[in-house]
Amino acid sequence: MSRLLFSRFAQYLEAIARLGSIRKAAAELNVSASAIDKQLIRAEEELGVALFERLPRGMRLTAAGEILIHGVRGWRKDYTRITFQIEQLKGLRRGEVKIAVSQETVFDFLPGAMARFMRDHPRIRNTVLVVESDQVRQLVLDGLADFGLTFSPQPLPGVTVTRSAPFHLRAVLPAGRVSAAETTLSLEAFFQNPTIIPDASTHLRDAVDVAAARTGTRLQPVLTTNSLDLMRSMVREGAGFGLIALSQGAEARRNDGLVYLRLSDRGLPPLTLSLIIDPQRSPSMTSILMRQYFEAYFDDLEKESETT
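With my numbering applied, the sequence shown has no gaps in its numbers, which climb one by one up to 1160 at the end.
Okay, structure coming up:
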């Protein structure tokens, strides 16, 4: 029986059970009694049991009929709930999503992942909490964020990673210091210049420390900061070279007065960005919808990295 026919049969079944008569059910539902009788007989043949006792003064559900009508009512309840959730997914209802992200994601990853969702669902309110990577997990567990983006190394107790992607160190230079032909920079050349680096509150600093150790360089930055925006601004002003983590395939040249060069040294461990959720919480449909957009963005990054 198709879903549409089952829906109609469910109406017939409940009406007969309530009114005790096919004729009365047909009159209430404005259909022919023969149409209801045919569907009832067909259902009883398929199930191999009688659903109603035919009595002189009406019809009464059998035990099998009681089981079926209980299932029908459960199906109606589930169908109403599912329909409501689908309406949410279609953006027919307002909602709010809160996400927690580490600041390394704000420059490159987050705008690309959020833009399409916000265009497609303009009535959903979005809140982004930019915190240190180590705080993202706790905000998710405390229910203050629907999901999170963190560079914290795995394992991440209490949360589930639904997607992850490698990010790589890039040297940040003023556009005027780099020719169009230059696409890479060695760590040795990088550390021969004044450096502006992130402080220990970011996992990006761990990667910087590894890079310095690989070249035997003692870090003597001209500026240490917890603001990656300030780092880029100071590089743009010519105060030094910076380091940032970008996703695979991110553009090396942008219209922001800066150039982001790959580091030519091999063996530098990539940072891993993880999308995390609390598996113990029941997410809203709007948060599920936004997360699907983010997961699709992760998948696109993976496809790009496979082709480059």
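The beta-carbon is built from N, C-alpha and C at its ideal position, and this holds for glycine as well.
Please list the terminal residues of the continuous beta strand (DSSP E) segment that includes Val958. Residue mapping note: residue 958 aligns to position 106 of the sequence shown, counting from 1. From DSSP, Val958 is part of no beta strand (DSSP E); its letter is neither H nor E.
When the Cα of Ala1027 is compared with those of Ala867, Val1087, Pro1135, which residue comes out closest? Within the sequence shown, residue 1027 is the residue found at index 175, counting from 1. Selected option, being the one with the closest Cα: Val1087.
Assign Ile893 to one of two classes, buried (16 or more other C-beta atoms within 10 Å of its C-beta) or exposed (fewer than that). Your numbering for residue 893 matches position 41 in the sequence shown. Burial call: exposed.
Range of the contiguous beta strand (DSSP E) that encloses Arg909: Counting from 1 along the sequence shown, the entry for residue 909 is found at position 57. Taken as a continuous stretch (DSSP letters only), Arg909 belongs to no beta strand (DSSP E), as it is neither H nor E.
Run through DSSP, which three-state label would Gly900 get? By 1-based counting over the sequence shown, the position of residue 900 is 48. It is coil, neither helix nor strand.
Between which two residues does the beta strand (DSSP E) containing Ala1063 stretch? Walking along the sequence shown from the start, residue 1063 turns up at place 211. Careful: Ala1063 lies outside any beta strand (DSSP E), inside the alpha helix (DSSP H) at 1055-1067.
Is Arg894 helix, strand or coil by DSSP? Along the sequence shown, read from residue 1 onward, the residue named residue 894 stands at position 42. In the structure shown, Arg894 sits in a helix (DSSP, three-state: H, G or I).
Spatially closest choice to Arg1133 from Pro1009, Val992, Gly1068, Val1013, by CA coordinates: As a position in the sequence shown, residue 1133 is number 281, starting the count at 1. The candidate whose alpha carbon is nearest that of Arg1133 is Val992.
Simplified DSSP state of Leu1021, which is helix, strand or coil: On the sequence shown, position 169 is the one that residue 1021 refers to. Three-state DSSP puts Leu1021 in a strand.
Does the beta-carbon distance from Leu1037 to Ala1023 come in below 9 Å? The residue labelled residue 1037 in the question sits at position 185 within the sequence shown. The residue labelled residue 1023 in the question sits at position 171 within the sequence shown. Contact flag set, yes.
Are there three or more Cβ pairs, one per stretch, closer than 8 Å when the region 986-1004 is compared with the region 1119-1129? The region 986-1004 is in contact with the region 1119-1129.
Distance cut-off 8 Å: Leu1039 Cβ against heavy atoms of the ligand FAD: Among the components of this structure there are no ligands whatsoever, and the ligand FAD is therefore not found.
Residues in the same chain with beta-carbon distance under 6 Å from Phe1071, minus the five sequence neighbours each way, listed in chain order, please. Locating residue 1071 in the sequence shown gives position 219, counting from the first residue. For the sequence presented, residue 1071 should be read as Leu rather than Phe. Taken in chain order, the residues that qualify are Ala1064.
Three or more C-beta pairs below 8 Å linking the region 966-982 and the region 1029-1044: no
How many angstroms separate the CA atom of Gln863 from the CA atom of Asp994? Residue numbering aside, residue 863 sits at position 11 when the sequence shown is read from its first letter. Residue numbering aside, residue 994 sits at position 142 when the sequence shown is read from its first letter. Near 44 Å, if we compare the C-alpha coordinates of Asp994 and Gln863.
Name, in chain order, the residues that DSSP records as bridge partners for Lys950. For this step, residue 950 is matched to residue 98 along the sequence shown. Bridge partners of Lys950: Thr979.
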